[in-house]
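Note sheet for the following structure.
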Amino acid sequence: MRCATLIGLLWCSAAGAQESPETFQPKTVEVVLPDNGEVRIGGFAAMHTWRDWLVGNGFTIHRCGIDLEKRSLILDLERSDQTKTLLDAGFQIVREIEADPFRTQIRTQSEFFDPGEIEAMLMQIENDHPAITHRFSVGTTHEGRTIWAIEISDNPGIDEDEPAIQFNSQHHAREVQTSHIVMDLIETLTDDYGVDSDVTDWVNRYKTVCVPMVNPDGTQHVFDVNSNWRKNRKPCTGNVGTDLNRNYPYRWGPAGCGSSASCSSISYRGPLPNSELETQSMIGLADQYHFVMATSYHSFGRFIDYPYACYNWEPGAETMPEHDVIKEMMDDMASAISSVDGVNYTSFSNGSFGPLSGDDTSWYYAHKGTYAFIVEVGTSFEPPFSEVANIVHRNRAGWRYLYDRLGGARIDVHVTGNCQPLEAEVTLTDYLFDTGELPRETFLPFGRWTFMVPANDAYTIRVTKPGFVTQDVLVAVADLPVAVDVNLLPASPPELPLFGDMDDSCEVNGSDIGLFVQAILDGPTAELDQILRGDSDENCLVDNADISPFINAALNGATCKKP
16 MRCATLIGLL WCSAAGAQES PETFQPKTVE VVLPDNGEVR IGGFAAMHTW RDWLVGNGFT
76 IHRCGIDLEK RSLILDLERS DQTKTLLDAG FQIVREIEAD PFRTQIRTQS EFFDPGEIEA
136 MLMQIENDHP AITHRFSVGT THEGRTIWAI EISDNPGIDE DEPAIQFNSQ HHAREVQTSH
196 IVMDLIETLT DDYGVDSDVT DWVNRYKTVC VPMVNPDGTQ HVFDVNSNWR KNRKPCTGNV
256 GTDLNRNYPY RWGPAGCGSS ASCSSISYRG PLPNSELETQ SMIGLADQYH FVMATSYHSF
316 GRFIDYPYAC YNWEPGAETM PEHDVIKEMM DDMASAISSV DGVNYTSFSN GSFGPLSGDD
376 TSWYYAHKGT YAFIVEVGTS FEPPFSEVAN IVHRNRAGWR YLYDRLGGAR IDVHVTGNCQ
436 PLEAEVTLTD YLFDTGELPR ETFLPFGRWT FMVPANDAYT IRVTKPGFVT QDVLVAVADL
496 PVAVDVNLLP ASPPELPLFG DMDDSCEVNG SDIGLFVQAI LDGPTAELDQ ILRGDSDENC
556 LVDNADISPF INAALNGATC KKP
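Per my numbering, the sequence shown starts with residue 16, numbered consecutively.
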């Protein structure tokens, strides 16, 4: 076996006198890939080969901690025999992460935002821009801190029939640079509203919701105690903290998929899916807003990460159904960021660097139909603060791209039945949703669903609801949004009221004229009963086209009374 460093020698000595299972303490370590004097293959291929070997031998790998240049990665040692397995295979253990003297000191870079500063900044932004912002609590943490969000819109706090987009950061406490990206986004949208035409358009047409600090308890601990802290601060069996980005319900907990059942692990997934207050809060937020897109910022690596990555080590076996549009947006977002100052960002395919499960972006897509992205923004968890301005500046190009893309090729489906918005299942028949996705359903009060699609193509949308006739609609999409209105017909047509009988007297006569005119004036806001009585052409609206049929019904003495 090779032990090329002092720390490696110490680990080799320890391997000869292994800790017993009773005394072993789980550890997180950085290891360098075996070399063994052989000709090295490309860094990417070598990492894939050894990654597969490690997972096949029961190791949990951290996706955020892979360094191609150093040929190193970070993993958990959860059993007493795993150290010897690593060393016998030729790995070098170069450091124990939690025991690294530099990383366990209280952080001195006070310029990073702590929870109190985030709260104060959001409050000030709301005070400065009350017409376009609404600050609110998403939930409360184990230690009693508020998870703050802010909505930016031309009608904040009011339901509107328009797409919503979300940005969040600091699921992981130590990734302190990420909240600066989200706060920059908030400040840009609010300060430049009415000044920058693009920003003004985005605020007017979309609802933006930002959660700059998902994990305020862990972040406060980063400032007060341990700058390497990752998890939240709720106690668990024998230790403290759950990795919030392993706690979401989709693909929660499979062995070998990037999370741990051990509370001492920094990737501990929690005792149950959605067990953590922070996770529950973010899921509740998604239930409220039905986001079309969501972006989750993380620190380690310069890449856009593919959401699905728990796939039993068969490459491509778990590809997202709408892979083409997801990959398009990932690639274009990475290109936009890279174009700013030449610092290269890339986009990863599914499982490029180890498995992942229980993460927010996979859950967003699978359970909510949200097109979601993890963006790893740098090369360390806490860079020198002098580097943050450049990180923020280049990532600004990434989120601006997402707004531009939201204004591109997409399909907005509105479903009604009996002149009312409906909750109905909508499916793109061009794709096979077969990896645990929940049905996509239009939501009330608007009966809307949005699909992002590649431009310049045609798609078939199938709309189904029990009690109604299924409809297939062919939609051609260029490079702009397309609105599709679907009126589902009842499977058994209901008995409709007598047309023109506005006062339910079973006769059409002069007493109905005032109510008929009022229904025309009220337009789509007229009461449903009045629409059903005054709508002759079944367009769910009483309008000028209904006047002539109404006059004829009155002149002819239309009645539903039996002779």
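Even for Gly, the Cβ is constructed at its ideal location relative to N, Cα and C. Here the structure is a predicted model, which is why all the values come from computation and not from measurement.
DSSP places Trp68 in the helix class (H, G or I) of the three-state scheme.
Residues of the same chain with a CB within less than 6 angstroms of the CB of Met467, apart from the 5 flanking positions on each side, are Val340, Tyr386, Arg425 in chain order.
Pairing Gly233 with Arg409, the inter-Cα distance amounts to about 27 angstroms.
One Cα belongs to Asp537, the other to Gln295, and the distance between them is close to 41 angstroms. For Thr361, the pairing in a beta bridge is given by DSSP as Phe318. Beta-bridge annotation (DSSP): His382 is not paired with any residue. Less than 9 angstroms divides the Cβ of Thr43 from the Cβ of Leu90.
Between Thr310 and Cys278 the beta-carbon gap is near 29 angstroms, outside 8 angstroms, which marks them as no contact. Note: Trp464 is bridge-paired with Val428 in the DSSP secondary-structure output. Bounds of the alpha helix (DSSP H) holding Lys99 are 97-103.
For the options Val255, Asn247, Ser290, the alpha carbon positioned closest to that of Gly268 is the one of Ser290.
As DSSP reads the structure, Ser311 sits in a beta bridge with Asn183, Ile389. The Cβ atoms of Gly285 and Asp302 lie no closer than 9 angstroms to each other. Comparing C-alpha distances from Ala351 to each of Asp375, Glu337, Ile319, Ala569 shows the shortest one belongs to Ile319. Of all C-beta pairs linking the stretch 445-457 to the stretch 519-534, fewer than three are shorter than 8 angstroms, placing the two stretches out of contact. According to DSSP, residue pairing for Pro505 in a beta bridge involves Phe483.
If you draw a 10 Å sphere on the C-beta of Pro505, you find fewer than 16 other C-beta atoms in it, and that means exposed.
If you draw a straight line from the Cα of Val392 to the Cα of Thr457, it comes to about 34 angstroms. If you draw a 10 Å sphere on the C-beta of Leu102, you find 16 or more other C-beta atoms in it, and that means buried. Annotation: the stretch 210-261 contains the following complete segments of the alpha helix (DSSP H) (minimum length 4 residues), in chain order: 212-220, 231-239. If you check the CB distance, Phe396 and Ser274 do not come in under 9 angstroms. Residues Ala309, Thr385, Ala387 of the same chain have their beta carbon placed closer than 6 angstroms to that of Tyr379, with the five preceding and five following residues left out of the count. Your pair Val430 and Gly462 checks out as a contact, with CB atoms roughly 5 angstroms apart and the cut at 8 angstroms.
Excluding sequence positions up to five before and after Asp445, its CB lies within less than 8 angstroms of the CB of Tyr474, Thr475, all in the same chain and listed in chain order.
In the DSSP annotation of this structure, Ile562 is not part of any beta strand (DSSP E); the continuous alpha helix (DSSP H) holding it starts and ends at 562-570. For Tyr474, the secondary structure class from DSSP, reduced to helix, strand or coil, is strand.
For Lys42, the enclosing beta strand (DSSP E) stretches over residues 42-47. The way I'd put it, the stretch 492-499 does touch the stretch 415-425; three or more beta-carbon pairs between them come closer than 8 angstroms.
If you ignore the 5 residues before and after Trp414, its C-beta comes within less than 6 angstroms of the C-beta of Leu200, all in its own chain and listed in chain order.
Between Thr148 and Ile167, the gap from beta carbon to beta carbon is short of 9 angstroms.
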